[in-house]
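Asks: Residue numbering for the sequence shown follows our numbering, starting at 1060 and increasing by one per position. Each residue gets a CB set at the ideal place from its N, CA and C atoms; glycine is no exception.
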Amino acid sequence: MTTLFISDLHLCPSRPHITRIFHEFLAGPAQQADSLYILGDLFEYWAGDDDLDDPFNAINCAALRALSDSGVPVFFMAGNRDFLAGEGFAHAAGLSLLPEPAVVDIHGESTLLMHGDTLCIDDDAYQAFRAEVRSPEWQQAFLALPLSRRKSQIELLRRESEAQKLIKTAQIMDVNPDAVLQALTLHQCTRLIHGHTHRPARHDHVAGGKHCERWVLP
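(1) Mapping DSSP to helix, strand and coil, what is HIS1253?
(2) HIS1215: buried (16+ other C-beta within 10 angstroms of its C-beta) or exposed?
(3) From GLY1254 to PRO1158, what does the alpha carbon distance come to, in whole angstroms?
(4) Just the Cα atoms here: how many angstroms apart are SER1073 and PHE1102?
(5) Report all residues from its chain with a CB closer than 6 Å to the CB of GLY1104; omit the five preceding and five following residues, and keep chain order.
(6) Considering just the uninterrupted stretch of the beta strand (DSSP E) at ASP1128, what are its terminal residues?
(7) Verify whether the separation of the beta carbon atoms of ILE1097 and ILE1118 is less than 7 Å.
(8) What are the boundary residues of the alpha helix (DSSP H) that THR1078 is part of?
(9) Taking the C-alpha atoms as reference points, what is the distance between ALA1144 and ILE1252?
(10) So ARG1250 packs on THR1177, CB below 8 Å; how close in whole Å?
(11) Assess contact between the stretch 1121-1134 and the stretch 1146-1162, defined as three or more Cβ pairs (one per stretch) separated by less than 8 Å. Is contact present?
(12) What's the call for LEU1085, buried or exposed, on a 16-neighbour Cβ count within 10 Å?
(13) By Cβ distance, which residues of its chain are closer than 8 Å to LEU1023, with the 5 residues on each side in sequence left out?
(14) Provide the residue(s) that pair with PHE1102 in DSSP beta bridges, ordered along the chain.
(15) For ASP1093, count the other beta carbons within 10 Å of its own beta carbon; 16 or more makes it buried, fewer makes it exposed. Which is it?
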């Protein structure tokens, strides 16, 4: 049995090679898996489920649905770039939405799944921004805007984010070790899998007197 995890592909039309590799993965190795978990930032951005007719979004949703239709369950947890993906996206892609965090049984072991950005608590500015855009009030107001305006605003936010990364320290943009231990202890898990930081590795921790492992996805 094989369970697959991916995150942070940041699919976008300007990087067709990433999309090609993703589709090859869905049509190849993923077909042999017992399930596929996508832990956020599958897309560079998601402006709302009313953008499903966009050709780029449509072709990626169709590729995911083909995997699901073949019998492989697909689960999706939103990231900081695609948190507006909702039930419309889930239906089009044939997948199940996961809350964050989520505790799932992976081959007999309770495993904590997260996108990972909530663990980066040293970045006060980002956490404040995240709290704002994840509020129902903000999302309702934003989704009420015309799609073209939403995309323009998202592009502006992306440029601002890239500029901020140039002046933030590596430590601030990484997970906080205490936040990791608190999450493992709170959810009583000995394994944590997350993405977001783009720093693939396996880490050992001791939480609640138990040895734990943390996998950061590439």
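Replies: Reading from the atomic positions:
(1) It is a strand residue.
(2) Note that residue 1215 is Leu in the sequence shown, not His. Exposed, by the Cβ-count rule.
(3) Cα to Cα, the separation comes out at about 15 Å.
(4) Straight-line measurement puts the Cα of PHE1102 at about 12 Å from the Cα of SER1073.
(5) Residue identity differs from the one stated: residue 1104 is Tyr in this sequence, not Gly. Excluding positions up to five away in sequence, the list reads ARG1140 and ILE1213.
(6) First-last for ASP1128: 1114-1128, but that is the alpha helix (DSSP H), not the beta strand (DSSP E).
(7) ILE1097 places its beta carbon 7 Å or farther from that of ILE1118.
(8) 1075-1086 is the span of the alpha helix (DSSP H), which, as asked, contains THR1078.
(9) If you take the alpha carbons of ALA1144 and ILE1252, they lie about 21 Å apart.
(10) No, ARG1250 and THR1177 are not in contact; Cβ-Cβ is about 17 Å, not under 8 Å.
(11) Touching, yes.
(12) LEU1085 comes out buried.
(13) Residue coverage of the chain in this structure runs from 1060 to 1277, which leaves residue 1023 outside it and unanswerable.
(14) Answer is LEU1070.
(15) With fewer than 16 Cβ atoms within 10 Å of its Cβ, ASP1093 is classed as exposed.
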